Amino acid sequence: MENNLNNTFEEQSKNYTTLNLGPTHPATHGIFQNILTMDGEIIVDSEQTVGYIHRAFEKIAEHRPFYQVTPLTDRLNYCSSPINNMGWHMTMEKLLGVTVPKRVDYMRVIVMELARIADHLVCNSVIGVDTGALTGFTYVFQWREKIYDIYEEICGARLTTNIGRIGGMERDFSKEVIAKIEDFLAGFPKVFNEFCSLLERNRIFMDRTIGTGPITAEKALNYGFTGPNLRATGVDYDVRVMNPYASYSDFDFNIPVGVNGDTYDRFMVRQEEIRESLKIIRQALNNLPAGKYFAEVPSFYLPPKEEVYNNMEALIWHFKIVMGEADVPVGEIYHSVEGGNGELGYYLVSDGGRAAYRLHFRRPCFIYYQAFPEMVKGSTLSDAIVAMSSMNVIAGELDA
Amino acid sequence: MANITNEEIIQHIQTDLPGCILSAEESFGMCTIEIPANQVKNLFQFLYAHPQMEFQFLTDLCGIHYPNQVDKELGVVYHIHSLVNNLRLRIKAFVPKANPQIESVSSIFKSANWQERETFDFYGIVFTGHPNLKRILNVDEMTYYPLRKEYPLEDQHRTDKNDSYFGR
Numbered sequence: 025m026e027n028n029l030n031n032t033f034e035e036q037s038k039n040y041t042t043l044n045l046g047p048t049h050p051a052t053h054g055i056f057q058n059i060l061t062m063d064g065e066i067i068v069d070s071e072q073t074v075g076y077i078h079r080a081f082e083k084i085a086e087h088r089p090f091y092q093v094t095p096l097t098d099r100l101n102y103c104s105s106p107i108n109n110m111g112w113h114m115t116m117e118k119l120l121g122v123t124v125p126k127r128v129d130y131m132r133v134i135v136m137e138l139a140r141i142a143d144h145l146v147c148n149s150v151i152g153v154d155t156g157a158l159t160g161f162t163y164v165f166q167w168r169e170k171i172y173d174i175y176e177e178i179c180g181a182r183l184t185t186n187i188g189r190i191g192g193m194e195r196d197f198s199k200e201v202i203a204k205i206e207d208f209l210a211g212f213p214k215v216f217n218e219f220c221s222l223l224e225r226n227r228i229f230m231d232r233t234i235g236t237g238p239i240t241a242e243k244a245l246n247y248g249f250t251g252p253n254l255r256a257t258g259v260d261y262d263v264r265v266m267n268p269y270a271s272y273s274d275f276d277f278n279i280p281v282g283v284n285g286d287t288y289d290r291f292m293v294r295q296e297e298i299r300e301s302l303k304i305i306r307q308a309l310n311n312l313p314a315g316k317y318f319a320e321v322p323s324f325y326l327p328p329k330e331e332v333y334n335n336m337e338a339l340i341w342h343f344k345i346v347m348g349e350a351d352v353p354v355g356e357i358y359h360s361v362e363g364g365n366g367e368l369g370y371y372l373v374s375d376g377g378r379a380a381y382r383l384h385f386r387r388p389c390f391i392y393y394q395a396f397p398e399m400v401k402g403s404t405l406s407d408a409i410v411a412m413s414s415m416n417v418i419a420g421e422l423d424a
Numbered sequence: 208m209a210n211i212t213n214e215e216i217i218q219h220i221q222t223d224l225p226g227c228i229l230s231a232e233e234s235f236g237m238c239t240i241e242i243p244a245n246q247v248k249n250l251f252q253f254l255y256a257h258p259q260m261e262f263q264f265l266t267d268l269c270g271i272h273y274p275n276q277v278d279k280e281l282g283v284v285y286h287i288h289s290l291v292n293n294l295r296l297r298i299k300a301f302v303p304k305a306n307p308q309i310e311s312v313s314s315i316f317k318s319a320n321w322q323e324r325e326t327f328d329f330y331g332i333v334f335t336g337h338p339n340l341k342r343i344l345n346v347d348e349m350t351y352y353p354l355r356k357e358y359p360l361e362d363q364h365r366t367d368k369n370d371s372y373f374g375r
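Line by line, the protein sequences give chains A and B.
Residues 25 to 424 (the numbering used here) make up the first sequence, in order.
Residues 208 to 375 (the numbering used here) make up the second sequence, in order.
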């Protein structure tokens, strides 16, 4: 009898396990599925399935007046919806050729940077949770709530904000808003420093994150990475600097970059960006220009309610706006903003009609999530979970 | 800022790849060129490797449908970005609806992989040479391409609503 024990052993070791991670796994923070091929604890291959919460926003946008697209953008990256809203407003203003007053730009910058802080807080504190450190999460989430209180004071909504209008902000910052932002700027750094000292130099956290889920700068660029994930690899690409919008060129801030492109670098880039965002908000608030909080775009900017009730012209505009009767120029536009997790782009084709002929959202995480199998190949499952949460993949944006 | 202008890009392409540009225009500061569908890969390789242009970042790839353009109904729109020059370029290529085939650029840009799948999913444009061309956001059993203009947003058999006053 032939002795082929060795062969059998080799064949046995090639019997990989298939593991379904998701679609509703608590550690994936969103509804997407990963079918992992595992060799023991090591990931050999992974196949992703996305589209579980696809809502056909691009099709809906072709059938709605322009101002009704803003609530759709809320639901892309819902951790930082004001950035999405403003990006869309600025795209429309570019198409209409509207220049907004400086005050609008500064107000937008304040809101967008608050949104960036909220977005990064969610992502970074959840990296902590996934490595077993729940405490930091509970600290900073209280302050994320305070950011939401500021949104609420500005526009009345908290998560899906629909903040601002095409042409400006819906109302001026009230005294309460300014007071709340000042409170935030005064109180948050202390809490944030506590959060930093819990994780940044924590031996366990560093062991779990340094060297896990790495990607090189070349690969990251080839995979279309943007935002903190790209900057963690050492590429200093930031839309706020490369193609400044909303007067970002007025502010003095740094673009933090990492070196290794691993989970720890992604975490640290976000930490530094939070500090930079605080700097930007401080500058914007100190230098908030006086003036109007909206531009003269009567065909898109809703007139004040008192005028609608007492003034024929305002009533007509109100009616035309609400019915989506405003004329727009024919043209094609690509406008992008630096969203919470990367370059959020709007490709708008207008044929002069009352709705977009074609509107495509460049969703950053849809593009960079492709790289996930390559990033986690050969790592353990627990590292892959941390790498995934450090990529800041938001299901709403992934599936549009 | 940019060390190269839109005109220079068009000139470079015209000298090195004659006949590649069908039309060129500038829309809101971004140079837009239309190319034949069989030149896509060729042009992208050229732009990628050209020492002065280095269009090495694919920002965006999406489909578009113009039902009235005979034999050029479906299009693919690429936005590429030259990070060294900080210049963006929009490239369009159209294919007939009867045979919507275009070369895949996923061998040049890995980021094109899912974006081409998405375009296939919504417009039915077939990317030849794509490693894994199947639907991505919609269910595999779907028999139509939902972002084409002929597909209505809602079930058109509904009689309780008159949508003709709103939208298209």
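Don't be surprised by glycine CBs; every beta carbon is placed ideally from N, CA and C.
Small disclaimer: the values here were computed from a predicted structure and weren't measured.
Worksheet item: Is the Cβ-Cβ distance between B:Lys-299 and B:Gly-282 less than 8 Å?
Response: Working through the second sequence from its first residue, we reach residue 299 of chain B at position 92. Working through the second sequence from its first residue, we reach residue 282 of chain B at position 75. Yes, the Cβ-Cβ distance between B:Lys-299 and B:Gly-282 is below 8 Å.
Worksheet item: What does B:Ile-298 reach in chain A if we use C-beta pairs closer than 7 Å?
Response: One-based indexing of the second sequence puts residue 298 of chain B at position 91. Here the premise fails: no neighbours, minimum Cβ distance about 12 Å.
Fill in: Cβ pair count under 8 Å reaching 3, the segment 143 to 150 of chain A against the segment 158 to 166 of chain A
Yes, since at least three Cβ pairs between the segment 143 to 150 of chain A and the segment 158 to 166 of chain A fall closer than 8 Å, the two stretches touch.
Worksheet item: Identify the residues that DSSP records as bridge partners of A:Ser-360: which are they?
Response: For the purposes of this step, residue 360 of chain A is taken as residue 336 along the first sequence, with counting starting at 1. A:Gly-369, per the DSSP bridge assignment.
Practice prompt. Determine, using beta carbons only, whether A:His-384 and A:Met-114 come nearer to each other than 8 Å.
Written response: Against the first sequence, residue 384 of chain A aligns to sequence position 360. Against the first sequence, residue 114 of chain A aligns to sequence position 90. In terms of Cβ geometry, A:His-384 and A:Met-114 do not form a close pair [threshold 8 Å].
Worksheet item: In chain order, what residues of the same chain have a beta carbon less than 7 Å from the beta carbon of B:Gln-252, not counting five sequence neighbours either side?
Response: Taking the first residue of the second sequence as position 1, residue 252 of chain B is located at position 45. Cβ neighbours of B:Gln-252 within its own chain (closer than 7 Å, five residues either side excluded): Ile-315.
Worksheet item: Could you give the distance in angstroms between the alpha-carbon of A:Ile-409 and the alpha-carbon of A:Leu-326?
Response: Numbered from its first residue, the first sequence carries residue 409 of chain A at position 385. Numbered from its first residue, the first sequence carries residue 326 of chain A at position 302. Rounded to whole angstroms, the gap between the alpha carbons of A:Ile-409 and A:Leu-326 is 46 Å.
Worksheet item: Excluding five sequence neighbours on each side, which residues of the same chain lie with their C-beta closer than 8 Å to the C-beta of A:Asp-154?
Response: Within the first sequence, numbered from 1, the residue matching residue 154 of chain A stands at position 130. Excluding residues within five positions, the ones whose Cβ falls inside 8 Å are Ala-51, Ile-409, Val-410, Ser-413.
Discussion item. Taking 8 Å as the limit between beta carbons, can you name the residues of its chain near A:Asn-27, skipping five residues before and five after?
Written reply: Counting from one through the first sequence, the residue named residue 27 of chain A turns up at place 3. Low confidence applies here, because A:Asn-27 scores a pLDDT of 48, under 50, leaving its location unreliable; read the following figure in that light. Only residues of its own chain outside the window of five on either side were considered, and among them none has a CB closer than 8 Å to the CB of A:Asn-27.
Discussion item. Between the alpha carbons of A:Ala-256 and B:Val-291, how many angstroms are there, rounded?
Written reply: Here residue 256 of chain A refers to the residue found at position 232 when the first sequence is read from its first residue. Here residue 291 of chain B refers to the residue found at position 84 when the second sequence is read from its first residue. For A:Ala-256 and B:Val-291, the distance between alpha carbons rounds to 19 Å.
Item to complete: Starting from A:Leu-223, follow the alpha helix (DSSP H) in both directions and report where the run begins and ends.
Response: Translated into the one-based positions of the first sequence, residue 223 of chain A becomes position 199. Run containing A:Leu-223: 199 to 223, per the alpha helix (DSSP H) assignment.
Worksheet item: What residues from chain A crowd round B:Pro-353, counting only those whose CB sits closer than 9 Å?
Response: Walking along the second sequence from the start, residue 353 of chain B turns up at place 146. The contacting residues are Ala-80, Lys-83.
Worksheet item: How many Å lie between B:Asn-275 and B:Phe-329 at the Cα?
Response: As a first step, residue 275 of chain B must be located in the second sequence, where it is residue number 68. As a first step, residue 329 of chain B must be located in the second sequence, where it is residue number 122. The straight-line gap from Cα to Cα measures roughly 18 Å.
Worksheet item: Nearest chain B C-beta to A:Asp-423 closer than 8 Å, yes or no?
Response: Start at 1 with the first residue of the first sequence, and residue 423 of chain A comes out as number 399. Closer than 8 Å to some Cβ of chain B, the Cβ of A:Asp-423 qualifies, so yes.
Practice prompt. With 7 Å as the C-beta to C-beta threshold (strictly closer), list the residues of the segment 262 to 281 of chain A near chain B in chain order.
Written response: If you check each beta-carbon in the segment 262 to 281 of chain A against every beta-carbon of chain B, the ones closer than 7 Å belong to Met-266.
Fill in: A:Val-400 versus A:Gly-64: straight-line alpha-carbon distance, rounded
Position 376 of the first sequence holds residue 400 of chain A. Position 40 of the first sequence holds residue 64 of chain A. If you take the alpha carbons of A:Val-400 and A:Gly-64, they lie about 15 Å apart.
Worksheet item: Taking the alpha-carbon positions, what's the A:Leu-302 to A:Val-417 distance?
Response: Mapped onto the first sequence, residue 302 of chain A falls at position 278. Mapped onto the first sequence, residue 417 of chain A falls at position 393. Using only the alpha carbons, I get a separation of about 24 Å.
Worksheet item: Per DSSP, A:Glu-71 forms a beta bridge with which residues?
Response: Residue mapping note: residue 71 of chain A aligns to position 47 of the first sequence, counting from 1. The partner list for A:Glu-71 (beta bridge, DSSP) reads A:Ile-59.
Practice prompt. Have a look at A:Asp-276 and A:Tyr-269 and give me their C-alpha separation to the nearest angstrom.
Written response: Residue 276 of chain A sits at position 252 when you count from the first residue of the first sequence. Residue 269 of chain A sits at position 245 when you count from the first residue of the first sequence. Rounded to the nearest angstrom, the two C-alpha atoms are 14 Å apart.
Worksheet item: Sorted by chain position, which residues of the same chain lie with C-beta nearer than 6 Å to A:Arg-386's C-beta, five sequence neighbours on each side aside?
Response: As a first step, residue 386 of chain A must be located in the first sequence, where it is residue number 362. Closer than 6 Å at Cβ, skipping near neighbours: Gly-369.
Fill in: Contacting positions in the segment 316 to 334 of chain B - beta carbon closer than 9 Å to chain A
From the segment 316 to 334 of chain B, only Phe-316, Lys-317, Ser-318, Ala-319, Asn-320, Trp-321, Gln-322, Glu-325, Asp-328, Phe-329 have a Cβ closer than 9 Å to chain A.
Item to complete: Please list the partners that A:Asn-416 has in chain B, where partner means a Cβ-to-Cβ separation under 9 Å.
Response: Here the question's residue 416 of chain A lines up with position 392 in the first sequence. Result: empty, since nearest Cβ-Cβ is about 17 Å, beyond 9 Å.
Item to complete: Please list the partners that A:Gln-394 has in chain B, where partner means a Cβ-to-Cβ separation under 8 Å.
Response: Numbered from its first residue, the first sequence carries residue 394 of chain A at position 370. Going along chain B in sequence order, the residues near A:Gln-394 (Cβ under 8 Å) are Lys-317, Ser-318, Asn-320, Trp-321.
Discussion item. List, in chain order, every chain B residue whose beta-carbon is nearer than 8 Å to that of A:Ile-391.
Written reply: Residue 391 of chain A sits at position 367 when you count from the first residue of the first sequence. In chain order: Ser-318, Trp-321, Gln-322.
Worksheet entry | Proximity test, Cβ basis, 8 Å: A:Leu-245 and chain B | Position 221 of the first sequence, counted from the start, is the residue given in the question as residue 245 of chain A. Chain B contact via Cβ: present.
Practice prompt. Check whether the Cβ of A:Ile-55 lies closer than 8 Å to any Cβ atom in chain B.
Written response: The residue you call residue 55 of chain A lines up with position 31 of the first sequence. Taking Cβ atoms only, chain B never reaches closer than 8 Å to A:Ile-55, which makes this a no.
Discussion item. Contact criterion: CB-CB distance below 8 Å. Does A:Arg-3 meet it with respect to chain B?
Written reply: Since the first and last residues shown for chain A are 25 and 424, residue 3 of chain A lies out of range.
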